[in-house]
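If you count the sequence shown from 1, position 229 lands on 234 in our numbering, and the numbers rise without skipping.
For glycine and all other residues, C-beta sits at the position ideal for the given N, C-alpha and C.
Computed from a predicted structure; not experimentally measured.
See structure below.
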Amino acid sequence: MKVVQRFYHLILFLCLLAKLTGNAVAADKSTYSIAISTEDIIAETLLERVAQELSVNFELVRFAEYAPRLDAVISGEVDFASSVTYTDERAKNLIFSAPTNLEYTYLFSSTKTNIKDISTLAVPSGTVFAELMRTQNPNLQVVEFNTIAEAKDLLFSGKVEGVVDSAAQLRFMALAGMNAQLLNYQFPLKPVSLVTAKPENIELLKKMEQYLHQPERQRLIRTTAENYQFEVQRQALRKRVLFSGVDLSRPFKVIVEDYRRYGVQNDNGKVIGIAADVIFEACQLMRLECDVQTATEGDWQSMYESLRSGEIDILSPIAIVPGREELVHISDRFYKTESIVVKRNGYKDGVYRTVSELISERIGVIKGGMTAKVLHRRLPHKSFRTYTTAKEQLKALLANEVDYIAMPRLTYNELVRDTRTILPIVEDHTIGTVFSYGIGIAFRKNDEGEKLSELFNEAIRLIDMNNVIKKYDYQPDWQQTLFSQKKFTKQSQQLFLVITLTLVVLSYIWHKQSITDSLTKLKNRLALYKKYKHGLYPGQILVYFDVNKFKTVNDTYGHTVGDEVLKKISENIRHYWNCDSYRIGGDEFILIGRIREQDIERMLSNIGCFEFTDHSCRKFNVTISYGYYLSSNDGLLLDDCIHIADIQMYKAKMA
6 MKVVQRFYHL ILFLCLLAKL TGNAVAADKS TYSIAISTED IIAETLLERV
56 AQELSVNFEL VRFAEYAPRL DAVISGEVDF ASSVTYTDER AKNLIFSAPT
106 NLEYTYLFSS TKTNIKDIST LAVPSGTVFA ELMRTQNPNL QVVEFNTIAE
156 AKDLLFSGKV EGVVDSAAQL RFMALAGMNA QLLNYQFPLK PVSLVTAKPE
206 NIELLKKMEQ YLHQPERQRL IRTTAENYQF EVQRQALRKR VLFSGVDLSR
256 PFKVIVEDYR RYGVQNDNGK VIGIAADVIF EACQLMRLEC DVQTATEGDW
306 QSMYESLRSG EIDILSPIAI VPGREELVHI SDRFYKTESI VVKRNGYKDG
356 VYRTVSELIS ERIGVIKGGM TAKVLHRRLP HKSFRTYTTA KEQLKALLAN
406 EVDYIAMPRL TYNELVRDTR TILPIVEDHT IGTVFSYGIG IAFRKNDEGE
456 KLSELFNEAI RLIDMNNVIK KYDYQPDWQQ TLFSQKKFTK QSQQLFLVIT
506 LTLVVLSYIW HKQSITDSLT KLKNRLALYK KYKHGLYPGQ ILVYFDVNKF
556 KTVNDTYGHT VGDEVLKKIS ENIRHYWNCD SYRIGGDEFI LIGRIREQDI
606 ERMLSNIGCF EFTDHSCRKF NVTISYGYYL SSNDGLLLDD CIHIADIQMY
656 KAKMA
């Protein structure tokens with residue numbers, strides 16, 4: 006009996022201890038209010054992570070204006086404020102953390118105005134922007150505003166030439182048609198901090214600071230900011246395309262000259278190269294249908310005339326030189342090419358400093374090329390050996406027919422990179438660059454061509470040009486590369502034989518798998534085009550949808566979670582849709598079948614709108630945007646049906 010009583014007392018003690026511990030934990034999980042700017046996605050993302058890590062609750066209080074946000078934390082109305090720049094005056098009333106991140110700042114204008122050319126500027130009231138701008142330009146007239154709507158009115162009325170504000174206003178201004186120019190790399194903008202006016206919050210402020218200073222958190226800040234800015238600017242660009250007046254119902258015929266690394270057709274028939282990749286990415290960003298083809302190197306003049314006559318719409322590459330803009334519209338430069346002189350290894354090292362000193366040397370140039378024209382101006386009374394191709398130039402140099410050959414560095418890199426032997430030639434670095442010029446994209450000299458050139462300029466600014474260029478224009482360690490290639494070639498030939506035999510055996514299995522999406526087990530794009538290559542049957546509906554902010558899901562929660570979201574959508578499709586369904590890539594799906602138009606929204610809500618919980622018990626809402634096309638006897642091809650649904654879907658996203 007005594008044993009039972011002791012056991013009973015022990016149970017009571019443990020229950021009391023658990024209750025006290027629970028109360029202590031609950032007391033520790035306080036709720037703090039934090040003032041942030043409206044649309045401050047970076048602060049919102051970071052504070053969500055901080056709350057999870059530190060086991061606290063944050064109530065985000067959004068402010069459209071900067072000054073009231075500071076007043077709220079100074080008065081104690083809120084506990085903290087994010088993204089505050091340090092000043093001695095503010096430090097009298099506020100406790101600052103160490104700098105946590107860089108606040109991305111933009112110049113918004115109605116034209117492509119450079120900050121250095123502006124005489125009247127509007128900045129948000131209560132910020133350090135006014136002082137900073139006056140420091141850079143004492144003659145600048147600065148006007149302060151309270152709301153971003155007021156700033157927009159100042160711009161549209163012409164009272165100011167530009168508006169400076171943070172990335173929190175990027176979506177509003179970009180979708181209003183304003184040009185956005187990032188200023189962080191033009192001015193010494195200070196980083197921002199978290200602040201509080203309450204001494205009792207100092208300990209939590211330090212914990213938040215330590216958490217945000219971790220390398221992975223700084224990486225998260227940068228990627229979140231970059232992804233948000235890219236997505237907003239892409240949406241704004243697509244909106245401008247829709248309202249530009251450009252005819253979107255037809256494909257644009259694009260010719261890329263089959264010249265070196267600008268545009269060549271690979272074994273799969275795809276046109277690749279610096280110019281080709283830029284055009285493909287720009288068209289994809291703007292959702293333009295572009296038919297990109299190549300033409301032979303020696304046929305550039307006829308292509309140029311085809312553009313001017315209207316047979317084609319777009320031509321690249323084109324050298325940006327004076328006079329051409331009178332005949333065609335040309336985009337901004339997306340690549341800079343440099344012409345150099347090449348000689349045999351060891352020939353007159355360090356003798357010449359400029360190309361104008363090559364008076365007695367035999368020089369080979371491409372007939373009619375720009376390099377030849379420049380050299381004729383530098384050496385007006387000298388004759389040159391002319392050749393049709395760069396390979397002929399190289400052959401002449403190796404045969405001692407000439408002492409120097411002049412060519413673009415891109416061409417030189419390609420010649421040495423693609424040769425099967427180690428060439429005894431080098432660039433004459435003492436002479437250096439002969440001249441350089443920009444490479445752009447040409448459009449017809451009409452209203453549509455002008456609009457396209459402006460739209461392509463905006464698209465080019467969103468493209469990672471360094472990533473594009475380094476794929477095609479690079480100069481490796483030639484000797485090591487060539488020796489490695491020879492060794493690799495022998496091994497690869499043996500491996501190729503084994504792989505070929507294996508592929509023959511596996512080809513039948515691969516064929517079966519080729520029409521099924523491996524992740525979702527739905528049918529894939531190939532299956533879609535096999536069945537509906539001639540279009541839809543009358544009365545069928547094609548529904549095209551994708552997941553809203555799916556890139557944000559991948560960046561925030563990881564690609565594994567993103568894959569699970571796609572699997573969940575696929576399960577819902579199989580449950581609510583008993584007709585054809587396809588995953589055509591990424592987060593894009595197509596449904597084809599017969600359904601009443603009034604039932605589409607309900608059906609898609611069941612499929613793609615739900616709360617998702619990942620393996621770490623993190624919850625977020627999943628939504629989709631869609632468009633559809635109802636087939637009749639119009640005989641439209643599948644691509645046309647998809648295009649119509651895609652435009653509807655994009656308009657739904659913008660609504």
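Check: Between LYS535 and ILE520, is the Cβ-Cβ spacing less than 8 Å?
Finding: yes
Check: Would you report the Cα separation of THR618 and GLY632, rounded to the nearest angstrom?
Finding: 27 Å
Note to self: Helix, strand or coil, according to DSSP, for ALA241 in the structure here?
What the structure shows: helix
Check: Would you say the segment 251-264 touches the segment 286-302, given that touching needs at least three Cβ pairs under 8 Å?
Finding: yes
Margin query: Let's see if you can read the secondary structure: which residues bound the alpha helix (DSSP H) around LYS656?
Written below: 643-659
Check: Does DSSP classify HIS620 as helix, strand or coil?
Finding: coil
Notebook entry, point to check: Using DSSP with H/G/I as helix, E/B as strand and the rest coil, what is ASP551?
Noted result: strand
Next item on the list: Scan the segment 436-484 and note each continuous alpha helix (DSSP H) run of 4 residues or more that stays entirely inside, going in chain order.
Entry: 452-467 and 470-477
Item checked: Other residues of its chain near ASP644: CB distance less than 7 Å, five sequence neighbours each side excluded -> none
Checklist line | Reduced DSSP category for PHE235 - H, G, I as helix; E, B as strand; rest coil | finding: helix
Checklist line | Unbroken alpha helix (DSSP H) run spanning SER610, endpoints | finding: 602-613
Next item on the list: Would you mind working out which of ALA96, THR43 and GLY131 sits nearest ARG176, comparing C-alpha positions?
Entry: THR43
Note to self: If I follow the unbroken alpha helix (DSSP H) through PRO129, where does it start and stop?
What the structure shows: Counting along the chain, PRO129 falls outside any alpha helix (DSSP H), though it belongs to the beta strand (DSSP E) covering 125-129.
Notebook entry, point to check: When you compare only the Cα positions, how much space is there between SER575 and SER630?
Noted result: 16 Å
Notebook entry, point to check: Can at least three beta-carbon pairs, one atom from the segment 53-70 and one from the segment 213-221, be found at a separation below 8 Å?
Noted result: yes
Next item on the list: Confirm, please, whether the CB-CB distance from ARG266 to LEU415 is below 8 Å.
Entry: yes
Note to self: Please give the ranges of any alpha helix (DSSP H) in the segment 38-79, keeping only runs that are unbroken, at least 4 residues long and fully inside the region.
What the structure shows: 46-59 and 71-79
Next item on the list: Can you grab the Cα-Cα spacing for the pair ILE647 / THR105, in whole Å?
Entry: 45 Å
Next item on the list: Evaluate CYS288 with the Cβ neighbour count: other Cβ atoms within 10 Å of its Cβ, from every protein chain shown; 16 or more gives buried, anything less gives exposed.
Entry: buried
Next item on the list: Over the uninterrupted beta strand (DSSP E) stretch that includes TYR633, give me the two end residues.
Entry: 629-635
Notebook entry, point to check: Of all the beta strand (DSSP E) runs that stay within the bounds of the segment 388-430, which reach a length of 3 or more residues?
Noted result: 390-392 and 409-413
Margin query: Given this structure, state the Cα-to-Cα distance separating GLY274 from ILE474, to the nearest angstrom.
Written below: 21 Å
Notebook entry, point to check: Which residues in the same chain as LEU107 place their Cβ atom closer than 6 Å to its Cβ, once the five residues preceding and following it in sequence are excluded?
Noted result: PRO196
Notebook entry, point to check: If you draw a straight line from the alpha carbon of ARG422 to that of VAL168, how long is it in whole angstroms?
Noted result: 48 Å
Notebook entry, point to check: For the ligand GTP, is there a heavy atom less than 7 Å away from the beta-carbon of ASN462?
Noted result: The ligand GTP is absent from the structure shown, which contains no ligand whatsoever.
Notebook entry, point to check: In terms of DSSP beta bridges, what is GLN186 paired with?
Noted result: LEU112
Item checked: Reduced DSSP category for ASP122 - H, G, I as helix; E, B as strand; rest coil -> helix
Note to self: Here's a check: name, in chain order, each residue in its chain whose Cβ is nearer than 6 Å to the Cβ of SER130, leaving out the five neighbours to either side.
What the structure shows: ALA72, GLU149 and ASN151
Next item on the list: Reducing DSSP to helix, strand and coil, say where ILE578 ends up.
Entry: helix
Next item on the list: From the DSSP output, in three-state form, read off PRO385 for me.
Entry: coil
Notebook entry, point to check: What is the residue span of the alpha helix (DSSP H) that PHE285 lies within?
Noted result: 279-291
Notebook entry, point to check: For the candidate residues GLN496, PHE448 and LEU609, whose alpha-carbon lies nearest to that of HIS580?
Noted result: LEU609
Checklist line | Contact between the segment 314-329 and the segment 444-459 (3+ Cβ pairs under 8 Å) | finding: yes
Checklist line | Whole alpha helix (DSSP H) elements within the segment 497-565, 4-residue minimum | finding: 530-537 and 555-562
Next item on the list: Could you tell me which residues DSSP pairs with PHE150 in its beta bridges?
Entry: PRO129
Margin query: Considering just the uninterrupted stretch of the beta strand (DSSP E) at GLU262, what are its terminal residues?
Written below: 257-262
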